[in-house]
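Undergrad: Using our numbering, the first residue of the sequence shown is number 2, and each one after it goes up by one.
Glycine included, C-beta positions come from ideal geometry on N, C-alpha and C.
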Amino acid sequence: MKTKLILLALLCLGSTVQVLAQQQNGVSSILQVYNITTNEAGEEIATETTEVRPGDLIEYRLTYTNNLGNSISQLMPVLPIPIGMEYLLETASPSLEGASLSNTGNTFQRLPLTRQVRQPDGTTVTEEVPGREYRRLRWLVPSLDAGEQVILVARVKVIDN
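1. Report the residue ranges of all beta strand (DSSP E) runs contained in full by the region 63-130; include only those spanning at least 3 residues, in chain order.
2. Can you give me the C-alpha to C-alpha distance between V159 and R136, rounded to a whole angstrom?
3. On the CB-based measure, 16 or more other CB atoms within 10 Å of its CB, does G132 come out buried or exposed?
4. Straight-line CA distance for T108 to S101?
5. Would you kindly work out how many angstroms separate the C-alpha atoms of V126 and D57, rounded to a whole number?
6. Return the first residue and the last residue of the beta strand (DSSP E) that T51 is part of.
7. Helix or strand or just coil, what does DSSP make of R133?
8. Can you give me the C-alpha to C-alpha distance between T66 and T124, rounded to a whole angstrom?
9. Below 7 Å CB to CB, which residues in the same chain sit around L89 once its five sequence neighbours on both sides are set aside?
10. Indicate the three-state DSSP secondary structure (helix, strand or coil) for L138 in the structure shown.
11. What residues in its chain sit with their C-beta under 7 Å from that of S96, if we drop five residues either side in the sequence?
12. Where does I160 sit, in a helix, a strand or coil, going by DSSP?
13. Note the first and the last residue of the continuous beta strand (DSSP E) segment covering N40.
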């Protein structure tokens, strides 16, 4: 139930982002959520969904459309990753510009996200941050011509807290 609420909250956020984008810069966005399964032949099946369960493989598809009469540049869409979801590293298409461990602010780092960890012997090592700690993903769309659209994709797994 908690995961269903998380997904519904994200869907509402996607709708809010769409309205704000249209009012601010002539770019509209649509967020679609798919449950990815495989059939007997091993082929992936994408089924649009509004409910998820632990263990589900979810694919987010964000479609951004330029509704202006001219091209735009440096569009930087952000996809929030709800708590209870684990971003599956390297599943974003096109490649991500950055990611964040924070739900707020504008702090994004290039991938892979890493951190310094102090070892028991006092030394410090760099370790890669697991996908379950990613909270926001960001793409860079260098340019989008008038009337064109871009589809951004990322996959997450619903985890059991």
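TA: Inspection of the coordinates gives the following:
1. If we require 3 residues or more, the beta strand (DSSP E) runs fully inside the region 63-130 come out as 73-76, 79-81, 86-88, 99-101, 115-119, 125-129.
2. 14 Å
3. buried
4. 6 Å
5. In a straight line, the C-alpha of V126 is about 33 Å away from that of D57.
6. It is not in any beta strand (DSSP E) - T51 carries neither H nor E in the DSSP assignment.
7. helix
8. Near 49 Å, if we compare the C-alpha coordinates of T124 and T66.
9. G132, R156, V157, K158
10. strand
11. Counting only residues of its own chain and dropping the five nearest sequence neighbours on each side, S96 has no CB closer than 7 Å to any other CB.
12. coil
13. Neither: N40 is in no beta strand (DSSP E) and is coded neither H nor E.
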